[in-house]
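First up is the structure itself, then whatever we jot down about it.
Chains as they are written, first to last, in my numbering: chain A, 1 to 279; chain B, 280 to 558.
Shown next as structure tokens:
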């Protein structure tokens with residue numbers, strides 16, 4: 001019953017054809033499922049948690065689950081499916097993981113083989129879905145507090161860096177921590193520590209600030225992913241553990257088969273960002 | 280009745296003659312009142328809040344109260360007395376402010392005129408007592424979390440600096456913010472923000488970190504009060520608002536009459552440090 005009511009509400013909201021009309025996570029997923037949205041999920045269902053996606057065969061899933069448990073800051077799991085199940089009820093009631101993301105990436109032995117708009121034909125009974133929290137949730141809280149996010153001001157992707165900090169290995173999974181960087185004035189950096197501490201399940205507090213060389217970042221102007229942004233003289237770089245870490249670690253293993261989200265095309269859940277705040 | 284039981288307990292604890300025998304705030308105050316302890320209060324009544332003392336004539340007290348209200352980070356008031364009353368029931372049940380600190384400083388027109396062990400002969404009916412939180416409370420929380428405090432490692436006084444940041448004025452009271460500095464590795468600095476955020480009534484979160492020049496500190500090796508401590512290459516200086524601020528601001532006014540604690544000889548209260556944690 002609850003689901004039916006939600007579907008009806010979503011359909012009404014979706015009469016308009018712009019992304020902002022998908023005002024709930026469910027409305028966003030239905031729009032995507034019905035092939036009415038295939039672009040980035042940024043701007044969809046404001047206030048709802050979006051997640052990174054990793055789908056792995058069961059023979060790797062146990063070790064990957066262990067890896068996430070051992071590395072909660074870069075790999076904050078917000079949901080895991082049963083093997084072969086395309087649902088993840090803990091984060092979305094009406095979800096078909098095979099169709100509800102705008103676009104996917106399919107990998108074989110570490111090689112990108114397809115970028116389909118659904119993965120119905122790739123689905124197998126041994127696949128396990130991992131939904132991993134992303135920085136969208138805490139970035140919204142920072143913006144709400146009036147803190148500037150430089151990559152948004154510059155209208156580019158947050159700069160990300162491979163560090164000299166090793167993750168805690170589990171099975172075949174190991175590799176360096178990847179961090180995202182946001183430059184801030186010292187007072188804003190202190191406030192950002194306070195705010196993001198409230199969101200331990202979406203990367204939480206920064207892992208480092210100032211002194212990029214201490215974590216193996218030689219040139220702050222040359223990120224390994226994303227775009228360089230200016231760091232002014234009265235600012236310090238503030239570093240958060242980044243959801244690119246698990247993707248990078250998975251790719252290093254070159255699994256026979258795996259599926260991830262297409263960059264920017266995230267899983268939109270039914271959970272609200274505020275639900276993930278510990279206070 | 281409650282007070283009588285506490286006095287009995289304190290007397291029993293005080294049979295031994297070392298500072299550590301004063302295990303409660305009341306026991307410490309009784310020991311001091313009975314002239315059995317005249318040195319620094321550090322180490323007395325572990326776990327109990329100690330406070331800075333400022334005693335002002337009523338004609339200045341209203342403006343000073345306003346000043347504290349406008350500057351809660353450097354001037355976190357933990358208790359204020361009625362005029363002429365030597366008690367502050369909100370922080371200590373059995374308290375005589377005239378005798379219960381080990382030593383005092385008496386000032387006339389901004390000049391130090393006496394450093395007595397009690398202020399009975401100086402007491403007046405128009406005097407108002409201000410008890411202002413001090414960093415002892417949050418330092419204990421940092422130590423409990425395994426964070427090194429350099430000035431303790433060096434067995435010296437925390438370095439303090441006059442900044443270029445102005446306090447918010449009230450009446451005749453105005454002047455620069457004074458900060459204390461503790462060098463920390465970045466990860467410890469982030470943790471220290473989290474820990475001290477929990478203690479807003481004893482200075483709370485840092486006001487600044489890194490980049491001392493941004494708050495007008497030209498040479499970190501030359502503090503205005505306390506002792507210089509080494510800041511290593513893998514550390515950043517972390518700055519907290521300091522209880523020397525109100526003392527410095529009062530002295531600048533050169534009040535006809537005022538009394539403060541002798542450095543290191545604080546008011547020991549009945550409140551526990553943990554009571555001041557907001558979570």
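Note that beta-carbon positions come from the ideal geometry of N, C-alpha and C, so glycine has one too.
What you are looking at is a predicted structure, and each value in this text was computed from that prediction instead of being measured.
For residue i, return the contacting residues in chain B, with the cut-off set at a CB-CB distance below 8 Å.
i             : result
residue 187/A : 486, 487
Could you work out which residues of chain A lie near residue i, taking near to mean beta carbons separated by less than 9 Å?
i             : result
residue 529/B : The premise fails here: residue 529/B is roughly 26 Å from chain A at the closest Cβ pair, so nothing lies under 9 Å.
What in chain A is Cβ-close to residue i, meaning under 8 Å?
i             : result
residue 442/B : Correct list: empty, because the minimum Cβ distance to chain A is about 12 Å.
Do residue i and residue j have their C-beta atoms within less than 8 Å of each other?
i             : j             : result
residue 324/B : residue 410/B : no
residue 318/B : residue 381/B : yes
residue 480/B : residue 412/B : yes
residue 328/B : residue 551/B : yes
residue 379/B : residue 308/B : yes
residue 390/B : residue 383/B : no
residue 109/A : residue 254/A : yes
residue 547/B : residue 304/B : yes
residue 510/B : residue 499/B : yes
residue 443/B : residue 494/B : yes
residue 182/A : residue 149/A : yes
residue 264/A : residue 81/A  : no
residue 472/B : residue 451/B : no
residue 180/A : residue 159/A : yes
residue 63/A  : residue 170/A : yes
residue 414/B : residue 555/B : no
residue 528/B : residue 446/B : yes
residue 118/A : residue 83/A  : no
Residue i versus chain A: which residues are under 7 Å apart at the beta carbon?
i             : result
residue 476/B : 194
residue 265/B : With chain B represented from 280 up to 558, any question about residue 265/B goes unanswered, as that position is not in the structure.
residue 493/B : 186, 234
Which residues in chain B have a C-beta closer than 7 Å to the C-beta of residue i? List them in chain order.
i             : result
residue 190/A : 472, 484, 485, 488
From which residue to which residue does the beta strand (DSSP E) around residue i run?
i             : result
residue 258/A : 258-261
residue 423/B : Careful: residue 423/B lies outside any beta strand (DSSP E), inside the alpha helix (DSSP H) at 415-423.
residue 546/B : 546-551
residue 392/B : 390-393
residue 335/B : 327-336
residue 248/A : Looking at the DSSP string, residue 248/A is not in any beta strand (DSSP E); the run it does join, the alpha helix (DSSP H), is 244-253.
residue 410/B : 406-412
residue 241/A : 236-241
residue 107/A : 104-108
residue 77/A  : 77-80
residue 165/A : 160-166
In terms of residues, what are the limits of the alpha helix (DSSP H) holding residue i?
i             : result
residue 25/A  : 25-33
residue 42/A  : No alpha helix (DSSP H) holds residue 42/A; DSSP gives it neither H nor E.
residue 461/B : Element bounds for residue 461/B: not the alpha helix (DSSP H) but the beta strand (DSSP E), 455-463.
residue 152/A : 150-153
Measuring only from the beta carbon, is residue i closer than 7 Å to any heavy atom that is part of the ligand MG?
i             : result
residue 462/B : With respect to small molecules bound, the structure shown includes none, and the ligand MG cannot be examined in it.
Report yes or no: do three or more beta-carbon pairs, one from the segment 368-376 of chain B and one from the segment 416-434 of chain B, lie closer than 8 Å?
no
For the segment 495-504 of chain B against the segment 463-478 of chain B, do three or more pairs of beta-carbon atoms, one drawn from each stretch, fall closer than 8 Å, so that the two count as touching?
no
Report the residues of the segment 496-519 of chain B with a CB closer than 8 Å to any CB of chain A, ordered along the chain.
513, 515
Between the segment 66-74 of chain A and the segment 244-264 of chain A, can you find at least three pairs of beta-carbon atoms closer than 8 Å?
yes
Is there contact here, the segment 229-241 of chain A with the segment 84-92 of chain A, by at least three beta-carbon pairs under 8 Å?
no
Three or more C-beta pairs closer than 8 Å, one from the segment 248-266 of chain A and one from the segment 49-69 of chain A: is that the case here?
yes
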